[in-house]
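Peer 1: Heads up: the protein sequence lines correspond to chains B and D, in order. According to the numbering used here, the first sequence is numbered sequentially starting from -15. According to the numbering used here, the second sequence is numbered sequentially starting from -15. Mind looking over this structure? Questions follow.
There are 2 protein chains.
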Amino acid sequence: MALEAIRALESAEIALGYKTYLDLIADLLRDKIVIASGMRKEVERCQEAIGYALRGRNTVLVSSGDAGIYGMAGLVLDICRKKQLNVMEWDDEGRGGTPGFHLRIIPGIPAFNAAASLLGAPLMHDFAAVSLSDHLTPWQVIEKRLWAAAEADFVLAIYNPRSRSRPDLLEKARQIILRHRPPETPAAIVRQAMREGQWKCLTTLAGLDVGEVDMQSVVIVGNLRTYIWQGWMVTPRGYLDKYSV
Amino acid sequence: MALEAIRALESAEIALGYKTYLDLIADLLRDKIVIASGMRKEVERCQEAIGYALRGRNTVLVSSGDAGIYGMAGLVLDICRKKQLNVMEWDDEGRGGTPGFHLRIIPGIPAFNAAASLLGAPLMHDFAAVSLSDHLTPWQVIEKRLWAAAEADFVLAIYNPRSRSRPDLLEKARQIILRHRPPETPAAIVRQAMREGQWKCLTTLAGLDVGEVDMQSVVIVGNLRTYIWQGWMVTPRGYLDKYSV
């Protein structure tokens, strides 16, 4: 967890978030007003957080990973724009002097970086992050991105790879990638990276067991040069083509 | 900075890294053996770090951002593989019991997340990270990836966008992206994100001043839906198409 996020939490009065994520940081929330909500309550949660902040309360809205990667940062700004609020940049020094709504986005360690670090170094070269959730994005758009990323040999970091309401999209994605990459391309599933219940599986594109993947998983598919060695998944950047060791 | 990285540094005996990055964390290195090296010394640096670790010294190799994103994690594993070393996973509990070389990759906040957080939420939807450095990657490969990412409407996070030895590649990249996106597409430059000398510029693809970009910058180009509002750059995920506020 980032030190900056811990400090922001320490100074906050109110913390809002998805229940599962708030439970992970319960230790940091002991003296706060904690407002937990469920999945698909993102719009309400952000509106509530904005409401508190507008009333001058020091409010933290918690996302997992990085709030700017499929997290809540964008939705907060979307809502502020829709409501025509005046959103100022947070400035530690000047804040006391300027009344109004100050916003700061605190970056974190994205889920795919946590997952990659457990596997080795699969994201060492150009990569694309694609969410398979078709809740807000049409499947044709997702399909086009998968196709383009696979064709241009990007490493792929797949978010929201599978859920009960859309069990088949990961298999569709796998088939698209297989059009451009050999079946033996390294691939991996990481569930609950750096949390209780952490689990990982190194395999190949052909061997990827879609049934092992859930909503809390990240799937990483290597590029044409990615290798698996001694249980480590690595995408070389090309140093050893140029330099000898 | 991630708490896990701070803790690893605290317990380390030796820290190696690129001088500029070690200087940023000088406070954490006071009681360590510090071995700084220059740019283009990556292979020597990793070999030296591996050498110390093999001799049983608690060694930290420092990257900026996330060590697994254009950092040193992959090169360490490349070298270990080439030298046919036996690299075991670091295990806090079991380490004392198993002799040998134990490796742990500690994830961090990637530079593009730090940059994005200062701009607002430009990476809220599918994005591609592309390095423009043609030192280890042929320009044709980079060009193909830029083309594919631009065509499939990925947000683009451009690493190593420009250096003295290759001043023209960012302009070439901009021209490729302009084939697929309108000139008014939001774009941004962030230099030295979250460091002394931090500087950012919100602009458009047409207005992007390549001359302002250096090696320490990240350039972010929005997708077809990215907007700039009150000085914030945001890529909507689509919540407000579906839900009303």
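Backbone N, C-alpha and C define an ideal beta-carbon position, used for all residues, glycine too. Just so you know, these numbers come straight off a predicted model, no measurement behind them.
Between B:G35, B:L(-7), B:K3 and B:E26, which lies nearest to B:D15 when the distance is taken from Cα to Cα?
Peer 2: Against the first sequence, residue 15 of chain B aligns to sequence position 31. Among B:G35, B:L(-7), B:K3 and B:E26, the Cα nearest to that of B:D15 belongs to B:L(-7).
Peer 1: For D:I53, which of helix, strand or coil comes out of DSSP?
Peer 2: Against the second sequence, residue 53 of chain D aligns to sequence position 69. Of the three classes helix, strand and coil, the one that applies to D:I53 here is coil, per DSSP.
Peer 1: Measure the alpha-carbon distance for D:A95 versus D:I63 and round it to whole angstroms.
Peer 2: One-based indexing of the second sequence puts residue 95 of chain D at position 111. One-based indexing of the second sequence puts residue 63 of chain D at position 79. The alpha-carbon atoms of D:A95 and D:I63 are separated by roughly 25 Å.
Peer 1: At what residues does the alpha helix (DSSP H) containing D:L154 begin and finish?
Peer 2: On the second sequence, residue 154 of chain D is found 170 positions in, with the first residue counted as 1. Per DSSP, D:L154 belongs to the alpha helix (DSSP H) from L153 to L162.
Peer 1: Could you work out which residues of chain B lie near D:S115, taking near to mean beta carbons separated by less than 9 Å?
Peer 2: For the purposes of this step, residue 115 of chain D is taken as residue 131 along the second sequence, with counting starting at 1. Correct list: H109, D110 and R221.
Peer 1: DSSP state of B:I9, grouped into three classes?
Peer 2: For the purposes of this step, residue 9 of chain B is taken as the residue at position 25 of the first sequence. Note: B:I9 maps to coil in three-state DSSP.
Peer 1: Quick check on D:G92: does DSSP put it in helix, strand or coil?
Peer 2: Indexing the second sequence from 1 puts residue 92 of chain D at position 108. D:G92 carries a coil assignment under DSSP once its states are collapsed to helix, strand and coil.
Peer 1: By Cβ distance below 7 Å, which residues in the same chain neighbour D:G104 in space, the five residues on each side in sequence not counted?
Peer 2: On the second sequence, position 120 is the one that residue 104 of chain D refers to. W216, M217 and V218, listed in sequence order.
Peer 1: Short check: CB of B:S101 to CB of D:I93, under 8 Å?
Peer 2: Here residue 101 of chain B refers to the residue found at position 117 of the first sequence. Here residue 93 of chain D refers to the residue found at position 109 of the second sequence. 8 Å or more divides the Cβ of B:S101 from the Cβ of D:I93.
Peer 1: Leaving out five residues before and five after D:M178 in sequence, what residues of the same chain have Cβ atoms less than 8 Å from its Cβ?
Peer 2: On the second sequence, position 194 is the one that residue 178 of chain D refers to. The answer, listed in chain order, is A98 and L102.
Peer 1: Write down the C-beta distance between B:R158 and B:A134 rounded to the nearest angstrom, noting that I regard them as a contact closer than 8 Å.
Peer 2: As a position in the first sequence, residue 158 of chain B is number 174, starting the count at 1. As a position in the first sequence, residue 134 of chain B is number 150, starting the count at 1. Wrong, their Cβ atoms sit about 10 Å apart, outside the cutoff.
Peer 1: Hey, would you say D:A141 sits closer than 8 Å to B:A112, going by beta carbons?
Peer 2: One-based indexing of the second sequence puts residue 141 of chain D at position 157. One-based indexing of the first sequence puts residue 112 of chain B at position 128. Their beta carbons are not under 8 Å apart, which means D:A141 does not touch B:A112 by this criterion.
Peer 1: Mind reading off the beta-carbon distance from B:V205 to B:V139? Whole number of angstroms is fine, and I expect it under 8 Å.
Peer 2: Numbered from its first residue, the first sequence carries residue 205 of chain B at position 221. Numbered from its first residue, the first sequence carries residue 139 of chain B at position 155. B:V205 to B:V139, Cβ: 7 Å. Contact.
Peer 1: B:Y227 by DSSP, collapsed to three states: which one?
Peer 2: Residue 227 of chain B sits at position 243 when you count from the first residue of the first sequence. If DSSP states are grouped into helix, strand and coil, B:Y227 belongs with coil.
Peer 1: At a Cβ cut of 7 Å, what residues of the segment 7 to 30 of chain B count as close to chain D, listed as they run along the chain?
Peer 2: E26 and V27
Peer 1: I need the boundaries of the alpha helix (DSSP H) containing D:R29, first residue and last residue.
Peer 2: As a first step, residue 29 of chain D is located in the second sequence; it is residue number 45 there, counting from the start. From DSSP, the alpha helix (DSSP H) with D:R29 extends over E26 to L38.
Peer 1: Taking only three categories from DSSP, how would you classify D:G191?
Peer 2: In the second sequence, counting from the first residue as 1, residue 191 of chain D sits at position 207. In the structure shown, D:G191 sits in coil (DSSP, three-state: anything other than H, G, I, E or B).
Peer 1: Note down the Cα distance separating B:S117 from B:V46, rounded to an integer number of angstroms.
Peer 2: As a position in the first sequence, residue 117 of chain B is number 133, starting the count at 1. As a position in the first sequence, residue 46 of chain B is number 62, starting the count at 1. Spanning the two alpha carbons is a distance of roughly 21 Å.
Peer 1: Compare the C-beta of D:S101 with all C-beta atoms of chain B and state if any pair is closer than 8 Å.
Peer 2: The residue you call residue 101 of chain D lines up with position 117 of the second sequence. Yes - at least one Cβ of chain B is within 8 Å of the one on D:S101.
Peer 1: Alpha carbon to alpha carbon, how far is D:L59 from B:Y223? Give it in angstroms, no decimals.
Peer 2: By 1-based counting over the first sequence, the position of residue 223 of chain B is 239. By 1-based counting over the second sequence, the position of residue 59 of chain D is 75. Roughly 7 Å separates the two Cα atoms.
Peer 1: Classify D:N144 as buried or exposed, calling it buried when 16 or more other Cβ atoms lie within 10 Å of its own Cβ.
Peer 2: Taking the second sequence and counting its residues from 1, the one referred to as residue 144 of chain D is at position 160. So D:N144 counts as buried.
Peer 1: Could you check whether the Cβ of D:I204 sits closer than 8 Å to any Cβ belonging to chain B?
Peer 2: As a position in the second sequence, residue 204 of chain D is number 220, starting the count at 1. Chain B, which has no Cβ nearer than 8 Å to the Cβ of D:I204, makes this no.
Peer 1: Please determine if the segment 37 to 54 of chain D and the segment -10 to 9 of chain D are in contact, where contact requires at least 3 C-beta pairs separated by less than 8 Å.
Peer 2: yes
Peer 1: Once the 5 residues before and after D:V194 are set aside, which same chain residues still bring their CB inside 6 Å of it?
Peer 2: Position 210 of the second sequence, counted from the start, is the residue given in the question as residue 194 of chain D. Excluding sequence neighbours, D:V194 sits near L154 and E155.
Peer 1: Helix, strand or coil for D:R129 per DSSP?
Peer 2: Your numbering for residue 129 of chain D matches position 145 in the second sequence. Three-state result, D:R129: helix.
Peer 1: Going by DSSP, which residues form a beta bridge with D:I(-10)?
Peer 2: Looking up residue -10 of chain D in the second sequence gives position 6. DSSP lists no partner for D:I(-10).
Peer 1: Please classify B:T43: does DSSP put it in a helix, a strand, or coil?
Peer 2: Counting from one through the first sequence, the residue named residue 43 of chain B turns up at place 59. The answer is strand: DSSP assigns B:T43 an E or B state.
Peer 1: In angstroms, rounded to a whole number, what distance separates the CA positions of B:E26 and D:Q31?
Peer 2: Reading the first sequence from its first residue, position 42 is the one you call residue 26 of chain B. Reading the second sequence from its first residue, position 47 is the one you call residue 31 of chain D. Roughly 47 Å separates the two Cα atoms.
Peer 1: Mind checking if B:T121 is an interface residue toward chain D, Cβ cutoff 8 Å exclusive?
Peer 2: Working through the first sequence from its first residue, we reach residue 121 of chain B at position 137. Closer than 8 Å to some Cβ of chain D, the Cβ of B:T121 qualifies, so yes.
Peer 1: Answer yes or no: does any C-beta atom of chain D fall closer than 8 Å to that of B:N207?
Peer 2: Indexing the first sequence from 1 puts residue 207 of chain B at position 223. No, B:N207 does not count as interfacial toward chain D.
Peer 1: Which same chain residues end up closer than 8 Å to D:S147 when comparing Cβ atoms and leaving out the 5 residues on each side of it in sequence?
Peer 2: To locate residue 147 of chain D, count along the second sequence from 1; it is residue 163. The answer, listed in chain order, is S117, D198 and M199.
Peer 1: Which of the three DSSP states is assigned to B:S101 in this structure?
Peer 2: One-based indexing of the first sequence puts residue 101 of chain B at position 117. Of the three classes helix, strand and coil, the one that applies to B:S101 here is helix, per DSSP.
Peer 1: If we call anything under 8 Å between Cβ atoms a contact, is B:P170 one with B:I212?
Peer 2: Here residue 170 of chain B is taken as the residue at index 186 of the first sequence, counted from 1. Here residue 212 of chain B is taken as the residue at index 228 of the first sequence, counted from 1. Yes, the Cβ-Cβ distance between B:P170 and B:I212 is below 8 Å.
Peer 1: Given this structure, state the Cα-to-Cα distance separating D:A190 from B:T4, to the nearest angstrom.
Peer 2: Reading the second sequence from its first residue, position 206 is the one you call residue 190 of chain D. Reading the first sequence from its first residue, position 20 is the one you call residue 4 of chain B. Between D:A190 and B:T4, the C-alpha separation is close to 43 Å.
Peer 1: Less than 8 Å between the CB atoms is what I'm expecting for B:S149 and B:R175, so what's the real figure, rounded?
Peer 2: In the first sequence, residue 149 of chain B corresponds to position 165, counting from 1. In the first sequence, residue 175 of chain B corresponds to position 191, counting from 1. No, B:S149 and B:R175 are not in contact; Cβ-Cβ is about 18 Å, not under 8 Å.
Peer 1: Taking the alpha-carbon positions, what's the B:P83 to D:P83 distance?
Peer 2: As a first step, residue 83 of chain B is located in the first sequence; it is residue number 99 there, counting from the start. As a first step, residue 83 of chain D is located in the second sequence; it is residue number 99 there, counting from the start. Rounded to whole angstroms, B:P83 and D:P83 show a C-alpha spacing of 59 Å.
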